[in-house]
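*Asks:*
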């Protein structure tokens, strides 16, 4: 069974983690991102950041 693919790129999730100050806990090796060293709380913060960015994008598009 293959790994499920996310609709959000790992690069985008990494950028959110960088903005939040804990990207150093994410290992990157040849384009493969390992989130094994982040906490559940940090993973939740990434999700929250992604939701916030999506909401901002939708608001901008609605305001056209």
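In our numbering, the protein residues as written are 11 to 74. Glycine included, C-beta positions come from ideal geometry on N, C-alpha and C.
1) What residue from 16, 28, 19 and 21 has the CA that sits closest to residue 52's CA?
2) Who are residue 38's beta bridge partners in DSSP?
3) On the criterion of 16 or more Cβ atoms from any shown chain inside 10 Å, does residue 26 qualify as buried, or is it exposed?
4) Quick check on this structure: which residue in 19, 54 and 69 has the alpha carbon closest to the alpha carbon of residue 42?
*Replies:* Judging by the given coordinates:
1) Locating residue 52 in the chain shown gives position 42, where the first residue counts as 1. Selected option, being the one with the closest Cα: 28.
2) Within the chain shown, the letter at position 28 stands for residue 38. Under DSSP, residue 38 forms a beta bridge with 43.
3) Here the question's residue 26 lines up with position 16 in the chain shown. Here residue 26 is buried. Its C-beta has 16 or more other C-beta atoms within 10 Å.
4) The residue given as residue 42 occupies position 32 in the chain shown. Closest by alpha carbon: 19.
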